[in-house]
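Residue numbers (my numbering): 2 to 354.
Structural data, given as structure tokens:
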């Protein structure tokens, strides 16, 4: 039994609030979101997914963020999508040197380069084993970084291959775009620019100058992934200075952020710059009123779920008239959605969209 796959992965309960999902996952590291299949179990031959029943819909892989796991991140989103799509998840990035990783349910703590290498290996083998020409990726926070990096690297590999076979740069870019193995990159509160963490980097640097080994201490307590996600960190700077840019032609990018985010600061770091020829959609989840989702409640916002659903339906070629519109729900930070009646009765009515 390894650090990622308890002897048997089982479906956890259907939950609609982050605190409940996180606390219960601490006691049940074996849980995965209901209806979602574990990538590692597929690679180990424990599970054989039946993709034919989904009428050709693109498989989705969910990638969680720092100090979290597949269940507490996607206990609500996973089952929602799995109603009519093949949905998979993976846990990654466990750093045995970090004290927080002694909790088996806490993942994504290790060095970001190592985490990306792990995610890349899992996705490559997963696609190869199931002979998948394309997948959709949904990542939260750090997971959004890895989804974007994986899509970029996959397209860059195709581009270099095309150049080596004699195509010119324009033709190579078109070839790579047309054959991208990633159709959609959906980022939920993705930390694409790094975070100020309310001045954490400045304070740590000041203490380092006083001779205190603060970076090593933080690494030891909560894992290296924390420091590496600060604004202007070497990792973030290198990632965003890539020769071919931050995004690529081919994938469709959906980035959902919230001004109530207390982790990704400034919160607009969840967005990606628009670029000609690139399919980039940036969405402020608070637009329309009534949704106060923060970094974590965003995962438990029905408004987030519906926006993802509509985005995927549009990519599937559904006509606009066939995409249902649902009223916005009230969502509280650090929690999730309020029951519809409770939200309207106690909080009053606000503008509709």
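Cβ coordinates follow ideal geometry from the N, Cα and C atoms, glycine included.
The Cβ atoms of residue 265 and residue 190 sit closer than 8 Å to each other. Here residue 38 is bridged, per DSSP, to 89. The residue from 91, 263, 270 with its alpha-carbon nearest to that of residue 198 is 263.
Within the same chain, and ignoring the five residues on either side of residue 215 in sequence, the residues whose Cβ sits closer than 7 Å to its Cβ are 205, 208, 209. Sequence-distant Cβ neighbours of residue 250 in its own chain, meaning closer than 7 Å and more than five residues away, are 174, 178, 278, 279. Residue 68 has no beta-bridge partner at all, per DSSP. Along the region 110–149, the alpha helix (DSSP H) occurs as fully enclosed runs of 4 or more residues at 113–131, listed in sequence order. Annotation for residue 184: no alpha helix (DSSP H) segment contains it, though the beta strand (DSSP E) segment containing it runs 183–189. Burial of residue 294 is indicated by the presence of at least 16 other C-beta atoms within 10 angstroms of its C-beta.
For residue 49, the number of other beta carbons within 10 angstroms of its own is below 16, and it is reported as exposed. Here DSSP, grouped into helix, strand and coil, assigns residue 272 to coil. One thing to note: residue 144 has its Cβ no nearer than 8 Å to the Cβ of residue 80. Annotation for residue 23: no beta strand (DSSP E) segment contains it, though the alpha helix (DSSP H) segment containing it runs 19–28. Counting other Cβ atoms within 10 Å of its Cβ, residue 122 stays below 16 and is therefore classed as exposed.
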